[in-house]
Amino acid sequence: MKVGMCMFLWTTSVGRKHEALLRDIKATGFDGVEIPIFDGTPDDYRRLGALLDRIGLERTAVSAMSNPSMNLISPDPATRRRGITYMQWVIDCAAALGADTLSGPLHSTLGQFSGTGPTAAELKRSVSSQRTVGDHAAKRGITVALEALNRFECYLVNTMDDLADHIDAIGHPNIRAMYDTFHSNIEEADPIGAFTRNKDHIVHVHISENDRGVPGRGNIPWSETFEAIRASGYDGWLTIEAFGRALKDLAAATKVWRDFSETPEAVYRDGYRHIRNGWRAAA
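Take any residue in the sequence shown, count from 1 to its spot, add 1212: that is its number in this note's numbering.
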């Protein structure tokens, strides 16, 4: 098992200016960081990868699509093509970064709603889009870990069962699933069962408190969560995802209107200890 820290807490554009922070994350004990990909070029991420190598941090990547003009489930073929082109660019950047996993709600436009649940036609279009994305990911050595989001952020897939069924329909080895404790806490009647039932689909895990603050200070059933993950044989990343008010656009997108911790350092330092202690106790 590896412990990661998502850089969303500070930025959507990690660079040399974050070197001191990255070094402190490494000194805390983290194995790696999760790098947001929203702008820049593959060369930018190649340079960032070299910096992470010097620090000694491994990395995963994360992204999302908030622009309706690139919706992968749109009935408009041109819109879907723009979404596929975007995903191919993100994958190229992730590969240049040196990541082998790209996670996020990379199935539909974040925050866009039709007023109804997902239709059979939308799911069919999603299968086609994801297979094309998966082919490009395979060429770059990237596994895309799709994320089920709560009903207030998306409508295509809200539960792990729905996500697993969709992954099966896609049927591509480079399109898999991720589990997020925050979203599962909202949508699942049994968050632990949702993980266990779908463990064979899951290649990435986000550790996120119910209020998006410091892991271990809220109401997520952490002991049971770590026990289920460890019992499943999962040996991938447990990556802290927390949010703050540092970036206005990101804060608005994640509905963060107040501070959830006294400092960002408390999130990653206390959060790291929480994961290590919880994992050890689950043995």
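Where is the CB? At the ideal position from N, CA and C, for every residue including glycine. Since this is a predicted model, take the numbers as computed values, not measurements.
Coil, strand or helix - residue i by DSSP
i	result
cysteine 1218	strand
alanine 1273	strand
aspartate 1251	coil
glycine 1353	coil
tyrosine 1367	coil
threonine 1451	strand
arginine 1424	coil
arginine 1337	helix
glutamate 1399	helix
isoleucine 1432	coil
glycine 1346	helix
glycine 1244	strand
alanine 1360	coil
histidine 1418	strand
methionine 1390	strand
Burial state of residue i, where buried means 16 or more other Cβ atoms lie within 10 Å
i	result
aspartate 1236	exposed
threonine 1272	buried
arginine 1156	Summary: the structure shown does not reach residue 1156, with the chain confined to residues 1213 through 1495, and so no result is reported for it.
serine 1341	buried
serine 1420	buried
serine 1502	Residue coverage of the chain in this structure runs from 1213 to 1495, which leaves residue 1502 outside it and unanswerable.
asparagine 1410	buried
asparagine 1489	exposed
serine 1281	exposed
proline 1289	exposed
arginine 1292	buried
phenylalanine 1438	buried
alanine 1443	exposed
glycine 1268	exposed
Residue i and residue j closer than 7 Å at C-beta
i	j	result
valine 1479	leucine 1450	no
alanine 1308	tyrosine 1257	yes
isoleucine 1387	glycine 1346	yes
threonine 1466	alanine 1440	no
leucine 1375	alanine 1389	yes
glycine 1456	leucine 1221	yes
alanine 1303	isoleucine 1247	Looking at the sequence shown, residue 1303 is not alanine but isoleucine. Not closer than 7 Å, so no.
methionine 1277	threonine 1240	no
leucine 1361	histidine 1319	no
aspartate 1243	lysine 1214	yes
Alpha-carbon to alpha-carbon, residue j and residue i
i	j	result
asparagine 1397	glycine 1316	17 Å
tryptophan 1301	tryptophan 1469	32 Å
glutamate 1474	alanine 1381	44 Å
glycine 1430	aspartate 1392	15 Å
asparagine 1279	serine 1286	12 Å
threonine 1224	serine 1275	9 Å
arginine 1337	serine 1326	15 Å
alanine 1232	asparagine 1370	37 Å
isoleucine 1432	glutamate 1400	12 Å
aspartate 1423	tyrosine 1298	30 Å
proline 1385	alanine 1306	18 Å
glycine 1405	cysteine 1218	25 Å
tyrosine 1446	threonine 1313	15 Å
isoleucine 1414	aspartate 1482	26 Å
alanine 1454	valine 1426	7 Å
valine 1245	arginine 1485	16 Å
lysine 1238	arginine 1266	11 Å
leucine 1264	glutamate 1270	7 Å
valine 1339	threonine 1331	13 Å
histidine 1395	glutamate 1359	9 Å
arginine 1352	threonine 1253	15 Å
isoleucine 1379	leucine 1234	34 Å
glutamate 1365	aspartate 1377	20 Å
glycine 1310	alanine 1493	32 Å
Below-7 Å beta-carbon distance, residue i vs any chain D residue
i	result
glutamate 1270	Chain labels in this structure do not include chain D; a single protein chain is all it has.
Runs of alpha helix (DSSP H) wholly within the stretch 1255 to 1334 (minimum 4 residues, chain order) | 1289 to 1309
Would you mind listing the alpha helix (DSSP H) stretches within the stretch 1457 to 1492 that are 4+ residues and don't spill past its ends, in chain order?
-> 1460 to 1465
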